[in-house]
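Engineer:
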RNA sequence: GCGGGAGUAGCUCAGCUGGUAGAGCGGCAGCCUUCCAAGCUGCAGGUCGCGGGUUCGAACCUCGUCUCCCGCUCCA
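Residue numbers (the working numbering): 3 to 505.
#1: Within the continuous beta strand (DSSP E) that includes residue 346, where are the two ends?
#2: Measuring alpha carbon to alpha carbon, tell me which of 241, 489, 48, 86 ends up nearest residue 425.
#3: Cα separation between residue 147 and residue 336?
#4: How many Å lie between residue 225 and residue 194 at the Cα?
#5: Which word fits residue 464, buried or exposed, when buried means at least 16 other C-beta atoms lie within 10 angstroms of its C-beta?
#6: Out of 329, 467, 423, 475, which one is the CA nearest neighbour of residue 447?
#7: Enumerated in chain order, which unbroken segments of the beta strand (DSSP E) with a length of 3 residues or greater are wholly contained in the stretch 220-299?
#8: DSSP three-state call for residue 361: helix, strand or coil?
#9: Looking at the structure shown, is residue 10 part of a helix, part of a strand, or coil, going by DSSP?
#10: Tell me the rounded alpha-carbon separation between residue 253 and residue 22.
#11: Whose C-beta lies closer than 6 Å to the C-beta of residue 486 among residues of the same chain, with five residues either side of it excluded?
#12: Does DSSP put residue 17 in a helix, a strand or coil?
#13: Please state whether DSSP places residue 371 in a helix, a strand or coil.
#14: May I ask which residues mark the beginning and end of the beta strand (DSSP E) holding residue 79?
#15: Where does the unbroken alpha helix (DSSP H) through residue 120 begin, and where does it stop?
#16: So, does the stretch 151-167 touch the stretch 81-95, judging by three or more C-beta pairs under 8 Å?
#17: Assign residue 410 to buried or exposed, taking buried as 16 or more other Cβ atoms, counted over all protein chains shown, within 10 Å of its Cβ.
#18: Looking only at its chain, what residues have a beta carbon closer than 6 Å to the beta carbon of residue 264, apart from the 5 residues adjacent to it on each side?
#19: In angstroms, rounded to a whole number, what distance separates the CA positions of residue 121 and residue 44?
#20: By the 10 Å Cβ neighbour count, where 16 or more other Cβ atoms means buried, how is residue 35 classified, buried or exposed?
#21: Skipping 5 residues on each side, what residues in its chain have a beta carbon closer than 7 Å to that of residue 364?
#22: Whole angstroms are fine: how far does the CA of residue 123 sit from the CA of residue 157?
#23: Should residue 111 be labelled buried (16 or more other beta-carbon atoms within 10 Å of its own) or exposed?
#24: Following a CB-centred definition, is residue 447 positioned closer than 6 Å to any heavy atom of the ligand ATP?
Here you go:
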């Protein structure tokens, strides 16, 4: 902060990373072995926060909506799944670098552009021949041949203007593993690059077993894996990450309305959790994915800029149709509702899909970035006045890892025992800690650092009238209340209901 | 993948022209008994990211490598 040339933003992410490690939220994976790039572990505080966020999302989806049900599909899926979804073709890019400009290109794109050039120059036959040759080489996985083709065609880097190319390398963004223990020729089994396909292939199982009527949704939380070429920004882009997805199946023709509907609903969720409206925005996709009819990101302003946290996509019937064709199993729904125009039921159709997909780790990161705050506080009056800074994690009480800490004011006179009794009487309701070591100020501070919303002090008066002081994390103010009121008071504050009511 | 920066105790960092590692904070144990990181005593914790090389001697010089940060690039 004292260095004006250093971007304040990067310092801020560093603070978050350091805080996350120091207080047990996020550790780098296998740190003692120098870590594994772009993989992270959640510590004691992190797992609580993440679980709370996941549970909040889960209940928002499945409990608040009578027509959304859950699913937990396996990470491994039949290899054909990824042929149907387009990932085998699309997640597999031949890349080539120009050694002078240091720019990286997709080899196939370079060649396709060259082919288009021939076509525009009035020689479509030559363009078509080039495309065909490229297709042949790529099919045979002849990467050296692809490079030779680039050289033969004298393709130059648009930036450096040279033809100084590296070798062509295949980057497969899907991780794979051996599917069969005995047959080494068996096709590889992929670790799913998205959770959505587990929902699509189970569409009819869920619809029939849960007797769902369109429109309805299937929600799922689970791990997905992508071998990112460049993974950066802490837990923002990881190779192993967790998605919270809900695929909403609708009657064709109604998808636009549902798209708008979920768009606003999902943004409201993030605001209800405490992300300020000014740091959230919609970002419409200009370039749509192969499956998408419309797509928008909900972006949060991370310390490194506005970045995608959640995507809402109108996926049409692309996925179900693809699976229907490849599996040769009908993926249709019979709609008994009467079409007012024809007076007859809508009948059989492949439903359209509106998808909402949040990165659980990104929501976690946004929550942490938003909550971490250093404030300047002034204490005392007149001559005795002094200022100091305090670091506090202003987490929404509903997602805070620890709901309340119980402190005996001193470690004698029966106060520790009284505190323990209090702990025992509330442990079935809330995640609590008791601490009797160190000064009470130290203990308050420690709880501020992990975002505990309440600290309950047991003092000598407690022994006389069964009242305690409740100190609030955000204001640092204390209120005295009877022990008998604690359960209701804390319960109200940390309840998911307070979030749900804002949705 | 390219360019730049960084890596020393749990954290923040110091460590001079090479001479075998320090502070503050934190942690743990005890004393004290106290409402916003109090005081006292004691303790634990580092083959200086890792591996070579130069040197009588390397945290420091050199080469390689790994990881992180920033910028490009990429991102259905």
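Where a beta carbon is used, it is the ideal one built from N, C-alpha and C, also for glycine.
Structural biologist: So, from the listed chains and residues:
#1: 346-351
#2: 489
#3: In a straight line, the C-alpha of residue 147 is about 51 Å away from that of residue 336.
#4: 8 Å
#5: Burial is judged here by how many other beta carbons sit within 10 angstroms of a residue's own beta carbon; residue 464 has at least 16 and is buried.
#6: 475
#7: 242-252, 282-286
#8: strand
#9: Residue placement at residue 10 is poorly supported in this model, since its pLDDT is 35, which falls under 50; the coordinates still yield a value, given next. The answer is helix: DSSP assigns residue 10 an H, G or I state.
#10: 45 Å
#11: none
#12: helix
#13: helix
#14: Neither: residue 79 is in no beta strand (DSSP E) and is coded neither H nor E.
#15: 109-122
#16: no
#17: buried
#18: 314, 356, 358
#19: 54 Å
#20: exposed
#21: The beta carbon of residue 364 is closer than 7 Å to those of 238, 311 in its chain, skipping five residues each way along the sequence.
#22: Near 16 Å, if we compare the C-alpha coordinates of residue 123 and residue 157.
#23: exposed
#24: Among the components of this structure there are no ligands whatsoever, and the ligand ATP is therefore not found.
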